[in-house]
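Structure, as structure tokens:
Residue numbers (my numbering): 1401 to 1705.
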């Protein structure tokens, strides 16, 4: 199942912003051309109660009342931004709940993105932490959740939300030293959540071999040991070698292999713990939408084995 809403295209931070409507418009266009834009559902926006599981009231009030302004130098707020962020969060919630109910994978194609939004802050193009809101919803139902974050930037917001939780495993692969400047390997969480935050920082120039070795030797064994009931994937594709901002060099086949192995792991977990995977569209995508179509095809076919 795909979760998408054309209103996601209404969010425009600025005319020439990297995180712009064309990235999602291109994805949809390529999916349609590949015959993959089927089974599409829309979802209601997230409610204040659902969002408050991960975001503080003070931040939500500030964000909602900020008709024009900035959460950080690159994260602009305009009239309607708050509602658009709720819509994106609601789409990921809907997809996750659907996967939890029927055991089938879902892909949520949403914007604005969310993994840089923390308990009391937004930034990095992010306003509400979509995947964290969905994960917290599953935790409230008594489920254990693993979040695999493949964005080139560390998901500092997701980390800060769940650093103290033993019911959420957060695994991030990212380029170390770039925005937001967090995610060292030494950071393993806090308090009861110590050991459930796993940071895998890569240096510039790392690509397919580094990622797949890290997956085989770190990601898969840790997730298998954690035994989650739900696997969420923050699939940012800015680790691609053609991304103009980052310096990682994952190839398109490398990304496909990474997603395929993640899907295989979810299938194996489902056979023992009924783990149900869902995928949350990650950060800005523009020039590599054809790759995304191939990735979704691989993800879908792998899950159905």
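The C-beta atom is built at its ideal place from N, Cα and C for all residues, glycine as well.
Keep in mind it's a predicted model, so treat the numbers as computed, not measured.
> Looking at the unbroken beta strand (DSSP E) that takes in residue 1570, where does it start and where does it end?
Replying inline: 1568-1575
> In terms of residue numbering, what span does the alpha helix (DSSP H) encompassing residue 1537 cover?
Replying inline: 1530-1540
> By the 10 Å Cβ neighbour count, where 16 or more other Cβ atoms means buried, how is residue 1575 classified, buried or exposed?
Replying inline: buried
>> In the DSSP assignment, the beta strand (DSSP E) including residue 1471 goes from what residue to what residue?
In response: 1469-1472
> Should the stretch 1409-1423 be regarded as contacting the stretch 1436-1455, the criterion being three or more beta carbon pairs within less than 8 Å?
Replying inline: no
> What are the complete beta strand (DSSP E) segments, minimum 3 residues, inside the stretch 1585-1636?
Replying inline: 1597-1602, 1630-1635
> Quick one, which of 1651, 1527, 1538 has its alpha-carbon nearest residue 1501's?
Replying inline: 1538
>> Going by C-alpha to C-alpha distance, which of 1590, 1624, 1615 sits closest to residue 1672?
In response: 1624
> In terms of residues, what are the limits of the alpha helix (DSSP H) holding residue 1431?
Replying inline: 1421-1433
> Three or more beta-carbon pairs under 8 Å between the stretch 1612-1629 and the stretch 1657-1665, yes or no?
Replying inline: yes
> The beta strand (DSSP E) with residue 1460 in it runs from where to where?
Replying inline: Looking at the DSSP string, residue 1460 is not in any beta strand (DSSP E); the run it does join, the alpha helix (DSSP H), is 1457-1465.
> Between residue 1485 and the rest of its own chain, which residues show a CB-CB distance below 7 Å, the 5 nearest in sequence each way excluded?
Replying inline: 1512, 1527, 1528
> Do three or more CB pairs link the stretch 1640-1660 to the stretch 1558-1566 at distances below 8 Å?
Replying inline: no
>> What I want to know is whether the C-beta of residue 1661 ends up closer than 7 Å to one or more non-hydrogen atoms of the ligand NAP.
In response: Inclusion of the ligand NAP in the displayed structure is not the case, the ligand content being empty and no account of it being possible.
>> Assuming the contact rule is C-beta atoms closer than 8 Å, residue 1473 and residue 1524 should be a hit. Round their C-beta distance to whole Å, please.
In response: Incorrect: roughly 10 Å between the Cβ atoms, too far for contact.
> Can you round the beta-carbon distance between residue 1405 and residue 1487 to whole angstroms, since I take them to be within the 8 Å contact cut?
Replying inline: 6 Å
> Exposed or buried, which one is residue 1627 when buried takes at least 16 other CB atoms within 10 Å?
Replying inline: exposed
> Does the distance from the C-beta atom of residue 1510 to that of residue 1491 stay below 8 Å?
Replying inline: yes
> Closest by CA to residue 1545, which one among 1551, 1469, 1632?
Replying inline: 1632
>> Suppose contacts are defined by Cβ-Cβ distances below 8 Å. Is residue 1660 in contact with residue 1551 by that definition?
In response: no
> So residue 1413 is in the beta strand (DSSP E); what residue range does that whole segment cover?
Replying inline: Counting along the chain, residue 1413 falls outside any beta strand (DSSP E), and DSSP gives it neither H nor E.
> What is the DSSP secondary structure of residue 1664, reduced to helix, strand or coil?
Replying inline: helix
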